[in-house]
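A.B. asks:
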């Protein structure tokens with residue numbers, strides 16, 4: 001089959017599947033969404049699917065009471081969202097609230113793929129702002145708390161991207177994310193790097209720092225500086241720097257965990273950013289100690 005014939009064949013198939021999505025039969029809708037889900041994994045098919053009118057129909061199926069149909073629809077949208085132009089098309093088709101609905105009502109596969117879709121859409125800054133102003137935080141935190149391991153990972157990834165924008169940070173903290181992110185610093189979950197990265201972003205605001213200390217995050221950050229991956233050490237040092245330089249009480253908590261020799265070691269062997277953060281924190285601690293000595 002030559003390329004032109006193959007493209008024509010795909011277009012005909014997509015057209016048929018789009019018509020099936022409009023059918024009243026749940027079985028037909030489920031099967032059509034399942035086939036589009038598979039077709040959308042191939043980047044060569046994405047353009048034909050996007051131009052066929054499938055996006056708005058798939059979004060409509062996110063409200064389906066049939067959980068498998070809902071799962072197939074959200075996964076098809078996830079696969080379509082990988083293409084940059086589709087990120088805007090999907091968001092502009094009012095997908096955000098239906099995706100949040102899936103986070104709340106779907107099966108485990110649908111929930112994690114909804115979180116992954118929200119992350120994919122949020123790569124576009126305008127979408128990130130829209131998603132950040134939606135009711136996404138509670139459902140993402142719920143997935144972070146009760147999801148499958150992959151669901152927790154997808155929720156944390158979405159929260160990470162949202163936490164890049166300053167106005168979203170307080171919303172993430174308010175939704176109770178810090179408690180569950182601190183728990184995920186446990187290596188047993190395999191999410192230390194991601195959890196520490198999100199927490200380091202949240203440590204840039206006072207409410208974030210207060211929540212981290214309240215949930216006993218300081219000893220865990222110190223442990224990560226000692227035992228974590230290069231990236232995790234870097235972000236743990238960044239978080240500790242923010243905590244310590246903004247509160248003497250928080251700094252005392254870190255000192256009680258014997259953080260200084262670990263920072264000295266990080267200064268010798270860490271990434272450039274880790275060395276920068278470790279050096280800045282050591283200088284701050286040194287100045288604090290000397291300042292206290294002079295006052296005495």
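In full-length UniProt numbering, the protein residues as written are 1 to 296.
Quick reminder that beta carbons are idealized off the backbone N, C-alpha and C, glycines included.
CB residue 242 to CB residue 209, shorter than 9 Å?
C.D. replies: Here residue 242 is taken as the residue at index 242 of the chain shown, counted from 1. Here residue 209 is taken as the residue at index 209 of the chain shown, counted from 1. Closer than 9 Å, so yes.
A.B. asks: Mapping DSSP to helix, strand and coil, what is residue 107?
C.D. replies: Against the chain shown, residue 107 aligns to sequence position 107. Coil at residue 107, not helix or strand.
A.B. asks: Fully enclosed by the region 50 to 109, which alpha helix (DSSP H) runs are 4 residues long or longer?
C.D. replies: With a minimum length of 4 residues, the continuous alpha helix (DSSP H) runs that stay inside the region 50 to 109 are 54 to 60, 67 to 81, 84 to 92 and 96 to 105.
A.B. asks: Can you tell which of 54, 39, 89 and 98 has its C-alpha closest to the C-alpha of residue 65?
C.D. replies: For the purposes of this step, residue 65 is taken as residue 65 along the chain shown, with counting starting at 1. The residue with the shortest Cα to Cα distance from residue 65 is 98.
A.B. asks: In terms of residue numbering, what span does the alpha helix (DSSP H) encompassing residue 269 cover?
C.D. replies: The residue labelled residue 269 in the question sits at position 269 within the chain shown. Looking at the DSSP string, the run of the alpha helix (DSSP H) that includes residue 269 is 259 to 269.
A.B. asks: Using the Cβ count rule (16 or more neighbours within 10 Å means buried), how would you classify residue 148?
C.D. replies: Taking the first residue of the chain shown as position 1, residue 148 is located at position 148. It counts as exposed.
A.B. asks: Over the uninterrupted alpha helix (DSSP H) stretch that includes residue 125, give me the two end residues.
C.D. replies: By one-based count along the chain shown, residue 125 stands at place 125. Looking at the DSSP string, the run of the alpha helix (DSSP H) that includes residue 125 is 125 to 132.
A.B. asks: I believe residue 213 touches residue 250 by the beta-carbon criterion, under 8 Å. Please report the beta-carbon distance rounded to the nearest angstrom.
C.D. replies: For the purposes of this step, residue 213 is taken as residue 213 along the chain shown, with counting starting at 1. For the purposes of this step, residue 250 is taken as residue 250 along the chain shown, with counting starting at 1. Yes, residue 213 and residue 250 are in contact; Cβ-Cβ is about 6 Å, under 8 Å.
A.B. asks: Hey, is the region 193 to 203 in contact with the region 156 to 170, meaning 3+ C-beta pairs nearer than 8 Å?
C.D. replies: Yes, the region 193 to 203 touches the region 156 to 170.
A.B. asks: Closest to residue 221 by C-alpha separation, out of 244, 207, 205 and 206, would be which residue?
C.D. replies: One-based indexing of the chain shown puts residue 221 at position 221. Ranking 244, 207, 205 and 206 by Cα distance to residue 221 puts 244 first.
A.B. asks: Closest to residue 177 by CA distance: which of 130, 201 and 40 is it?
C.D. replies: On the chain shown, position 177 is the one that residue 177 refers to. Ranking 130, 201 and 40 by Cα distance to residue 177 puts 201 first.
A.B. asks: Where do the N-terminal and C-terminal ends of the alpha helix (DSSP H) with residue 184 fall, by residue?
C.D. replies: Here residue 184 corresponds to residue number 184 of the chain shown, with the count starting at 1. First-last for residue 184: undefined, no H or E at that position.
A.B. asks: Look up residue 214 in the DSSP assignment and say whether it is helix, strand or coil.
C.D. replies: As a first step, residue 214 is located in the chain shown; it is residue number 214 there, counting from the start. Helix.
A.B. asks: Should residue 230 go down as buried or exposed, given a rule of 16 or more other Cβ atoms within 10 Å for buried?
C.D. replies: One-based indexing of the chain shown puts residue 230 at position 230. So residue 230 counts as exposed.
A.B. asks: I'd like the list of long-range same chain contacts for residue 300, defined as Cβ closer than 6 Å, with 5 residues on each side in sequence excluded.
C.D. replies: Not covered by the structure: residue 300. The range shown for the chain is 1 to 296.
A.B. asks: Going by CA-CA distance only, name the one from 55, 39 and 111 that's closest to residue 67.
C.D. replies: Within the chain shown, numbered from 1, the residue matching residue 67 stands at position 67. The candidate whose alpha carbon is nearest that of residue 67 is 111.
A.B. asks: Taking 9 Å as the cut-off, decide whether the C-beta atoms of residue 43 and residue 74 are in contact.
C.D. replies: Position 43 of the chain shown holds residue 43. Position 74 of the chain shown holds residue 74. No, they are not a contact pair.
A.B. asks: Under the three-state reduction of DSSP, which class applies to residue 23: helix, strand or coil?
C.D. replies: Working through the chain shown from its first residue, we reach residue 23 at position 23. In this structure, residue 23 counts as coil in the three-state DSSP scheme.
A.B. asks: Does DSSP classify residue 163 as helix, strand or coil?
C.D. replies: The residue labelled residue 163 in the question sits at position 163 within the chain shown. Note: residue 163 maps to coil in three-state DSSP.
A.B. asks: Where does residue 168 land, buried or exposed, given buried means 16+ other C-beta within 10 angstroms?
C.D. replies: Counted from its first residue, the chain shown places residue 168 at position 168. Classification for residue 168: buried.
A.B. asks: Please classify residue 293: is it buried, with 16 or more other beta-carbons within 10 angstroms of its beta-carbon, or exposed?
C.D. replies: As a working mapping, residue 293 is identified with position 293 in the chain shown. Here residue 293 scores only 45 on pLDDT, less than 50, and its place in the model should not be relied on; the value that follows carries that caveat. With fewer than 16 Cβ atoms within 10 Å of its Cβ, residue 293 is classed as exposed.
A.B. asks: Would you kindly work out how many angstroms separate the C-alpha atoms of residue 89 and residue 31, rounded to a whole number?
C.D. replies: Working through the chain shown from its first residue, we reach residue 89 at position 89. Working through the chain shown from its first residue, we reach residue 31 at position 31. If you take the alpha carbons of residue 89 and residue 31, they lie about 24 Å apart.
A.B. asks: So residue 79 and residue 34 are in contact, right, with Cβ under 8 Å, and what is the actual spacing, rounded?
C.D. replies: For the purposes of this step, residue 79 is identified with residue 79 of the chain shown, where counting begins at 1. For the purposes of this step, residue 34 is identified with residue 34 of the chain shown, where counting begins at 1. 12 Å between Cβ atoms; not a contact.
A.B. asks: Residue 224: which of 107, 101, 10 and 270 sits nearest, CA to CA?
C.D. replies: By 1-based counting over the chain shown, the position of residue 224 is 224. Checking every option, the nearest Cα to that of residue 224 belongs to 270.
A.B. asks: Hey, how far is the Cα of residue 53 from the Cα of residue 17?
C.D. replies: Numbered from its first residue, the chain shown carries residue 53 at position 53. Numbered from its first residue, the chain shown carries residue 17 at position 17. The alpha-carbon atoms of residue 53 and residue 17 are separated by roughly 11 Å.
A.B. asks: Taking the alpha-carbon positions, what's the residue 181 to residue 11 distance?
C.D. replies: Translated into positions along the chain shown, residue 181 becomes position 181. Translated into positions along the chain shown, residue 11 becomes position 11. So the two alpha carbons sit approximately 45 Å from each other.
A.B. asks: By DSSP, does residue 203 sit in helix, in strand, or in coil?
C.D. replies: As a working note, residue 203 is residue 203 in the chain shown. Of the three classes helix, strand and coil, the one that applies to residue 203 here is coil, per DSSP.
A.B. asks: Nearest to residue 113 by alpha carbon, out of 216, 102 and 13?
C.D. replies: Residue 113 sits at position 113 when you count from the first residue of the chain shown. The shortest Cα separation from residue 113 among 216, 102 and 13 belongs to 102.
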